[in-house]
């Protein structure tokens with residue numbers, strides 16, 4: 364596989380500098396705000412990403428609500444995003460599922 368992508372559970376704004384230090388260039392958030400009381404907001408993570416010089420995109424959905432629009436939006440962004448990419452949600456499973464859905468439909472550039 365030529366894609367440089369990793370999957371993670373929830374990250375915090377404080378962890379974004381470490382994400383950048385690990386070499387990631389883009390963060391994709393697949394977790395909607397408000398799933399948990401202690402969850403940081405997408406806006407806070409986005410601000411930290413911009414401060415660290417990382418691209419940021421939110422394509423969020425509840426775990427059982429993945430649809431073709433999410434897959435298309437993700438593929439469109441992924442194909443132009445600078446890699447390596449870190450995708451996150453609550454556990455990483457939702458992000459991995461989104462990636463695999465786009466890959467299985469041959470929507471991701473090699």
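In the working numbering, the protein residues as written are 364 to 473. Even for Gly, the Cβ is constructed at its ideal location relative to N, Cα and C. Source: prediction; values computed, not measured.
Residue closest to residue i, alpha-carbon to alpha-carbon, out of the options
i: residue 455; options: 392, 396 and 438; result: 392
i: residue 439; options: 457, 389, 470 and 415; result: 470
Alpha carbon of residue i to alpha carbon of residue j, nearest angstrom
i: residue 400; j: residue 432; result: 27 Å
i: residue 394; j: residue 444; result: 19 Å
i: residue 423; j: residue 383; result: 21 Å
i: residue 403; j: residue 427; result: 21 Å
i: residue 417; j: residue 430; result: 27 Å
i: residue 420; j: residue 462; result: 14 Å
i: residue 396; j: residue 367; result: 26 Å
i: residue 407; j: residue 376; result: 6 Å
i: residue 437; j: residue 464; result: 10 Å
i: residue 434; j: residue 442; result: 12 Å
i: residue 364; j: residue 459; result: Any reading at residue 364 must be qualified, since the residue scores a pLDDT of 46, below 50, and its modelled position is unreliable; the value itself is stated next. Computed Cα separation, rounded: 14 Å.
Residue burial classification, residue i (beta-carbon count within 10 angstroms, cutoff 16)
i: residue 411; result: buried
Paired residues, beta bridge with residue i - DSSP
i: residue 461; result: Paired residues: none, contrary to the question.
Below 8 Å, how does it come out for the segment 371 to 388 and the segment 449 to 463: are there three or more Cβ pairs, yes or no? yes
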